[in-house]
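Here is the structure we will look at.
Residue numbers (the numbering used here): 2 to 801.
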């Protein structure tokens, strides 16, 4: 087992131990036992940074299901290293933050850290996977564990609803992605991501290339909350703030980003991939920023800002994928720069958004509200929180001296250059990118100003707060402070980050391009009076104007009727699905056993009969059979008469006796066919069951004469005849289709094989020993259950 496998498995092992720590060491906050896990793993992975920066790639494989060619194949390269460091680094800060945020006296901390560690392990497994099926398994595990995290406060209706919406949308995308993986792997003959990448342009020749691309992108778009699947993300904010800070800044929502980046070498360079990824990202960027401005809940505003920022990263991934197009034009260095910008902004977003979520959590924790209309004037009482909120918000707005300014300027550079290219019909539609990006950036500036100024400036309103505002302890302030400091450091030292993390990740996304082909210049804070800087100045000026006049133009948000919103469409879809399900269920769940048996038998007739006769598979050759004796015909006629008596008798006792006659005649057949053991067993069982039936039915009331419709009887007759015909046809056809030697020949040597003179006993005790043991176990459990019920009833009588 490699160290990469250990890094994946350790969080799962720790999750199994959490219940024991929580139970026996309840005096200490469980978070203190969890904190060393991501911290140590982060340090261990950080030690690999120099090697990966030099181009080293670590590949390890462990067998899992060899018969299906499914192995635990993992890969540590620049991209997976970057994501894993974010998962573990932000995870360490979130655990530290949660120790002071969650009260160990009133919260189920065992559940919280159990779910958190499972999610952490699933995310690590996802980014390290080099096997499509392994990646899918971890992908769905992140959906399930995030559902548990979002629904952590399950007693709240909104938490349950948000968790269900997130699970429904992401599972839908995950299943679509699985179908895409199957199409891709079936065409290439391998599940290995690196092998598919190594095949070059061969994958584009597959007939299932485009369907696989669409299905995989559905999975990525749903996971990363791209329009129109973004509606689950705001509702997921009902989770505790540490969960929101972890899932929606650095981990879960970045899974779709990771998938697109990882599969860019496979699908990139094609027009469908370029336009789908770029346009969906661009629309998401605009809609998220536009929707964030109208929010009055701080976490809801951050949720829509996350949607917008993810759209920006997705758009950049689409623009950068053109680097793989052939032939490359003279401005080909733009594409790696766009891809590098996407990776750079991914890191920036994780830092400033994690900081913002934690500060909002501090405000909520210390004031009892996140409603902007109730807040204001907190700068005097919470100066450190104000400073960190300002750093995070200004970085998200793209202002210096914060790292978000650098990636925003590089984003403007990418969209400006893309509008002037002559590939993928950009000469016609390319102008959309800079225009929409600039408008979305204006709205981003507006909601960033709202976050800072309407929360911390203005008039303090203690009467609207649930508790008096105060600054938190250093335990809650330290994690966002670390992220705020990183936001500033990345501005002043971006090329250190690029050399050790960003460029190795870029090399993993564009593996077929040599480093010299990148043509990327160093990242500079000042690059002159460029059009990008003019766009930023325009964003600040127009954004300030819109912020100051917001009450006058905010009415536009009320123009869209509720019934046209995506949330309403989602709710109507679920409501319609419930109505259809209820109607369908009521149609066949009648409460009558006869109806259920009729459904089963009709399905049997249609399926088996259709396969037997429709495919012309029925055949019967009686030439090799023994002659039928006269007494055998008599016995068959007796059985038929007894069966008719059971069905037509008006008296229960008559039916039971006729049923017993059928059983005894079967025993006679066993004697004729020289199976005395079976005959003896049949006689004993038939005698006991007949006696029990007579004993029970004797005490039941007499059958009331009922008027039964003729159609009812005809239906029963048709179904019974159909089932009898199908079963008989199958038995006769099976006798005529002996594809393999009969297995009975193996058991003829039961004495030599098992030392048993009786073949039936050898089958039950030796050849089917485990099966017989389990049957005995089932009977034992049933007997204990009956005995328990009898004792319970007797004790209840005694108490009465």
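Every residue, glycine too, gets a C-beta built ideally from N, C-alpha and C.
- Each residue's CA atom was taken as its position, placing residue 321 and residue 265 some 9 angstroms apart.
- For residue 62, the enclosing beta strand (DSSP E) begins and ends at 59–66.
- If you compare the alpha carbons of 56, 639, 6 and 132 with that of residue 500, the shortest gap goes to 56.
- For residue 74, the enclosing beta strand (DSSP E) starts and ends at 71–77.
- For the set 487, 438 and 411, the Cα lying nearest the Cα of residue 527 is the one of 411.
- 39 is the residue among 167, 699 and 39 whose C-alpha sits nearest the C-alpha of residue 95.
- Ranked by how close their Cα comes to the Cα of residue 610, the residues 408, 278, 726 and 624 have 726 in first place.
- The straight-line gap separating the alpha-carbon atoms of residue 696 and residue 654 is approximately 10 angstroms.
- In the displayed model, residue 107 falls within coil according to three-state DSSP, outside both helix and strand.
- Judged by pairs of C-beta atoms under 8 angstroms, the region 65–85 touches the region 122–133, as three or more such pairs exist.
- The Cβ atoms of residue 338 and residue 275 lie no closer than 8 angstroms to each other.
- Judged by DSSP secondary structure, residue 682 falls within the alpha helix (DSSP H) whose first and last residues are 677–699.
- When secondary structure is reduced to three states using DSSP, residue 346 falls in the helix class.
- When DSSP reads this structure, residue 146 sits in no beta bridge, so it has no partner.
- Inter-segment contact for the region 223–235 and the region 279–286 is present: three or more beta-carbon pairs are separated by less than 8 angstroms.
- Proximity to residue 170 across 54, 234, 417 and 189 peaks at 234, based on C-alpha coordinates.
- Counting only the Cα atoms, residue 204 lies some 38 angstroms from residue 578.
- Cα atoms of residue 718 and residue 659: separation of roughly 19 angstroms, rounded to the nearest angstrom.
- Annotated three-state conformation of residue 132 is strand, per DSSP.
- Judged by DSSP in its simplified three-state form, residue 751 adopts helix.
- Assignment of residue 423 by DSSP, reduced to helix, strand and coil, places it in the coil class.
- DSSP places residue 386 within a helical segment (H, G or I) once states are collapsed to three.
- In the pairwise beta carbon analysis, the region 57–67 is classified as not touching the region 482–500: fewer than three pairs are separated by under 8 angstroms.
- The three-state reading of DSSP puts residue 160 in helix, counting H, G and I together.
- Bridge pairing for residue 372: 298 [DSSP].
- Going by C-alpha positions, residue 628 is about 11 angstroms away from residue 634.
- Contact between the region 526–540 and the region 394–412 is established, with three or more Cβ pairs separated by less than 8 angstroms.
- Assignment of residue 555 by DSSP, reduced to helix, strand and coil, places it in the helix class.
- Scanning 147, 106, 379 and 363 for the CA closest to the CA of residue 477 turns up 363.
- Pairing residue 222 with residue 257, the inter-Cα distance amounts to about 6 angstroms.
- For the pair of segments examined, the region 107–119 was found to touch the region 13–27: the number of CB pairs separated by less than 8 angstroms reaches three.
- As the crow flies, the alpha-carbon of residue 394 is around 9 angstroms from that of residue 448.
- Shown here for residue 438: same chain residues with a beta carbon closer than 6 angstroms to its own, the five before and five after excluded, namely 416 in chain order.
- With a cut-off of 8 angstroms on Cβ pairs, the region 641–653 is not in contact with the region 593–605, counting fewer than three such pairs.
- Listed in chain order, the alpha helix (DSSP H) elements of length 4 or more contained wholly in the region 558–614 are 567–589 and 594–610.
- Residue environment: residue 156 is assigned as exposed (fewer than 16 neighbouring CB atoms within 10 Å of its CB, all protein chains considered).
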